[in-house]
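Shown next, in structure tokens, is the structure this report addresses.
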Amino acid sequence: MKQRARVGFQGERGAFSEVAARKLAPGKIELIALPSFPALFRALANKKIDYATVPIENTLAGSVHENYDLLLRHRLPILAETSVRIVHNLIVRPGVSLRSVRKVYSHPVALQQCTRFLEKHGRWEVVPFYDTAGSVKMILEKGLTDSAAIASKAAAAVYKGSILAEDIGDDPENYTRFFLLGRRSQAKARSSGAKTSIVFATKSLPGALFRCLGVFALRDINLTKIESRPLRGRPWEYLFYLDFQDNVASASARNALKHLAETAEFVRVLGCYPTVG
Numbered sequence: 215m216k217q218r219a220r221v222g223f224q225g226e227r228g229a230f231s232e233v234a235a236r237k238l239a240p241g242k243i244e245l246i247a248l249p250s251f252p253a254l255f256r257a258l259a260n261k262k263i264d265y266a267t268v269p270i271e272n273t274l275a276g277s278v279h280e281n282y283d284l285l286l287r288h289r290l291p292i293l294a295e296t297s298v299r300i301v302h303n304l305i306v307r308p309g310v311s312l313r314s315v316r317k318v319y320s321h322p323v324a325l326q327q328c329t330r331f332l333e334k335h336g337r338w339e340v341v342p343f344y345d346t347a348g349s350v351k352m353i354l355e356k357g358l359t360d361s362a363a364i365a366s367k368a369a370a371a372v373y374k375g376s377i378l379a380e381d382i383g384d385d386p387e388n389y390t391r392f393f394l395l396g397r398r399s400q401a402k403a404r405s406s407g408a409k410t411s412i413v414f415a416t417k418s419l420p421g422a423l424f425r426c427l428g429v430f431a432l433r434d435i436n437l438t439k440i441e442s443r444p445l446r447g448r449p450w451e452y453l454f455y456l457d458f459q460d461n462v463a464s465a466s467a468r469n470a471l472k473h474l475a476e477t478a479e480f481v482r483v484l485g486c487y488p489t490v491g
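Next up, the structure:
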């Protein structure tokens, strides 16, 4: 019998990362919750799991910088990407009414994204928590009757909570982009995507970044994102993470990357992957 693929994610069951994991790795999978992003990357690198689902950017909060740094530290290729609409809901223990709520728990980013709703209930104490789904788990396990949590519908289902208010976020266009990471042997079998992610460092020369980006413009390759991160151990120098629309095996991409290698201090391909709807 074929063993189920082990797919890890950060957070508790019912987290938005679990929703993404189910999109990116459909079918019979074993979902494994891990406490932190470093623990997730280590589990994949040490073959404790087969795949990892990680958030990389949010349309409101921006990039998840920790995960960019971990992508550089671990040679774990990107196999696929997807986006998940982040729908925040107010969740309580069954039988608890809105009138009974005195405290609201959730991840700081989720709380910030529900500012208008929370301002309407100014008497509530807003309490930051390590995880959206974890906040639901906590209030249900402790049987709190004066508290609510902000999390996904999936979290309410997992922990059998009641939803008092649906879709309470400030902005309906709230999406998070997730990567499915694997190991190098898996990447060779799955490099059929239309998007490629790389990281590079420029040489310390005038116009160095312009020259690096120019290798793509010369070949009409569309850049979809560029993100700078500090280069550790070298103050005021930076790495650049870049996404472009092309398969890494195409002639245009191969030539652009060859040209970039001549122009930049170093280049690494992080993955060539499809977008999962």
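Residue numbers are given in the working numbering: position 267 of the sequence shown equals residue 481, and the series is strictly consecutive.
Backbone N, C-alpha and C fix where the C-beta goes; we use that ideal spot for every residue, glycine too.
Inter-residue Cα distance where the pair is residue i and residue j
i: ARG299; j: LYS237; result: 12 Å
i: TYR344; j: ASP384; result: 21 Å
i: LEU423; j: ALA415; result: 9 Å
i: ALA403; j: CYS486; result: For ALA403, the predicted model reports a pLDDT of 49, less than 50, meaning its position is unreliable; a value from the coordinates is still stated below. So the two alpha carbons sit approximately 11 Å from each other.
i: PRO291; j: HIS335; result: 44 Å
i: ALA324; j: HIS302; result: 7 Å
i: LYS242; j: ILE440; result: 35 Å
i: HIS473; j: GLY396; result: 28 Å
i: PHE251; j: LEU312; result: 34 Å
i: LEU427; j: PRO444; result: 18 Å
i: ILE381; j: GLU387; result: For the sequence presented, residue 381 should be read as Asp rather than Ile. Rounded to the nearest angstrom, the two C-alpha atoms are 11 Å apart.
i: LYS356; j: GLU232; result: 23 Å
i: LYS417; j: LEU484; result: 20 Å
i: PRO495; j: SER366; result: Nothing can be reported for residue 495: it is not among the residues displayed for the chain, which extend from 215 to 491.
i: GLY421; j: SER442; result: 16 Å
i: ARG425; j: THR477; result: 7 Å
i: VAL310; j: SER376; result: 8 Å
i: GLN224; j: ASN260; result: 16 Å
i: LYS374; j: ALA362; result: 13 Å
As assigned by DSSP and simplified to three states, the class of residue i
i: LYS472; result: helix
i: ALA403; result: The pLDDT assigned to ALA403 is 49, lower than 50, so where the model puts this residue is not dependable; a value taken from the coordinates is nonetheless given after this. Three-state DSSP puts ALA403 in a helix.
i: ASP283; result: helix
i: ALA235; result: helix
i: GLU295; result: strand
i: GLY485; result: strand
i: LYS317; result: strand
i: GLY421; result: coil
i: GLN224; result: strand
i: LEU330; result: Note that residue 330 corresponds to Arg in the displayed sequence, not to Leu. Helix, per DSSP.
Beta-carbon spacing of residue i, residue j below 8 Å
i: ILE353; j: LEU304; result: no
i: TYR452; j: VAL413; result: no
i: VAL350; j: ALA369; result: yes
i: GLN327; j: LEU274; result: yes
i: LEU358; j: ARG287; result: no
i: PHE255; j: LEU284; result: yes
i: ASP360; j: SER314; result: yes
8 Å CB neighbourhood of residue i in its chain, flanking five on each side removed
i: ALA239; result: ALA219, VAL221, TYR265, THR267, LEU394
i: LEU339; result: Reading off the sequence, residue 339 comes out as Glu, not Leu. Once the five neighbours on either side are set aside, the close Cβ partners of GLU339 are ARG316, LYS317, VAL318.
i: ALA408; result: GLN459, ASP460, ASN461, PRO488, THR489
6 Å Cβ shell around residue i - same chain, five flanking residues per side excluded
i: ALA229; result: ALA347
i: THR489; result: GLU295
Chain-order list of residues whose beta-carbon lies under 7 Å from that of residue i (same chain, five-residue window excluded)
i: ALA234; result: THR267, THR296, VAL298, PHE392
i: GLU226; result: ALA247, ASP345, ALA347, GLY348, LYS351
i: HIS279; result: ARG443
Near the ligand ATP: residue i beta-carbon under 7 Å from a heavy atom
i: LEU274; result: With respect to the ligand ATP, the structure offers nothing, as it holds no ligand at all.
* Would the segment 377 to 391 and the segment 244 to 258 be scored as touching if the rule is three or more Cβ pairs under 8 Å? -> Result no; under three Cβ-Cβ pairs closer than 8 Å.
* Inter-stretch contact (C-beta, 8 Å, three-pair minimum) for the segment 462 to 470 and the segment 429 to 436 -> Taking 8 Å as the limit for Cβ pairs, the verdict is that the segment 429 to 436 does touch the segment 462 to 470.
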